[in-house]
Structure formats: structure tokens, C-alpha cells
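Novice: After the C-alpha cells below, expect a handful of questions from me.
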Amino acid sequence: MYKNIEEYLKSLSDKYGENIDIKYRNCDYSIDNRIPKVLHSLYSVISEAKFPFGEIFTIEKALSQSSKNPFTPNWFVFGKDNYFSFWICSFAEDEEGLNFTYWDHESGNEIDGAVWDNFISFFDEIQEDYEE
């Protein structure tokens, strides 16, 4: 298990090499309540990232996407895969302590509840799906 987001991102960088582009945060901007608390640790380290299997949005792009239906007011869109799914996080964990899921906007289905409790476990699943 990884100690923190920085260690996890380094492992991804080691694994995928030139196939990823992580833009580390290089300015001091405020991370406020418009972003779920469980994503503060991620956005305190990076400003955006591109992976072979998708991308993590800048805060500005994430806020813009999150202001649209069906996301507002409960979900924050922080990235997407290379197909049809948005990576989303709830503002409040559910009764099981879960915050993260993805949603296929082409499916026509409503957003189901969260499935993962933290970014690393969520992102590990996304990676595994990509590698299969």
C-alpha cells in the first residue's frame, strides 16, 4: 500500500514512463469546498494528468464539468477514461464510507452510488480494467 498520493503517482510514472504526463502543482491556489475533501490531497499535488487510460482534469475543467447535469449538486467530475466514462467523486461519503465511482454517459443510466472509498483503490481498478 502507498503512504500517500505522491508515492502512488511516482509508481505510476515508473510503470508507464513516457506514456503519462503529470503536471505537478506549481502555484499556490486555494482548494475550497467546491472540491470534495477526499480529492484535496490529489489536487494539492497535481494540477492535471494524462495516462494511457484517461486523464485527471484541471480544477477549472473539473468545476465546469461538475456544474452540469447530472452531476450537480452531489457529484464532482475529476477526470475521464478514453471511452465514455467520467471519473466522479461524491461530496459526502455514503453510509459505507464510499466516495468514488465512474459513470458511462453513453449508457443512459443514472449515476449509481459510489463503489470505492479512496482515490488510490479507485485508480487501481481503472488501471486493471485498462490492462485487461
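The sequence shown begins at 1249 in the working numbering and counts up one residue at a time.
Every residue, glycine too, gets a C-beta built ideally from N, C-alpha and C.
Bear in mind that the values here come from a model prediction, so they are computed numbers and not experimental data.
#1: Pull up the distance between the alpha-carbon of VAL1293 and that of TYR1264, whole angstroms please.
#2: If the criterion is Cβ atoms closer than 7 Å, does the pair PHE1339 and PRO1284 meet it?
#3: Can you look up TYR1272 in the DSSP assignment and give me helix, strand or coil?
#4: If the criterion is Cβ atoms closer than 7 Å, does the pair ALA1297 and ILE1307 meet it?
#5: Does the separation of the CB atoms of GLY1361 and ASP1342 fall below 7 Å?
Specialist: Taking the definition as stated:
#1: Cα atoms of VAL1293 and TYR1264: separation of roughly 19 Å, rounded to the nearest angstrom.
#2: Yes, the Cβ-Cβ distance between PHE1339 and PRO1284 is below 7 Å.
#3: The three-state reading of DSSP puts TYR1272 in strand, counting E and B together.
#4: In terms of Cβ geometry, ALA1297 and ILE1307 do not form a close pair [threshold 7 Å].
#5: Yes, the Cβ-Cβ distance between GLY1361 and ASP1342 is below 7 Å.
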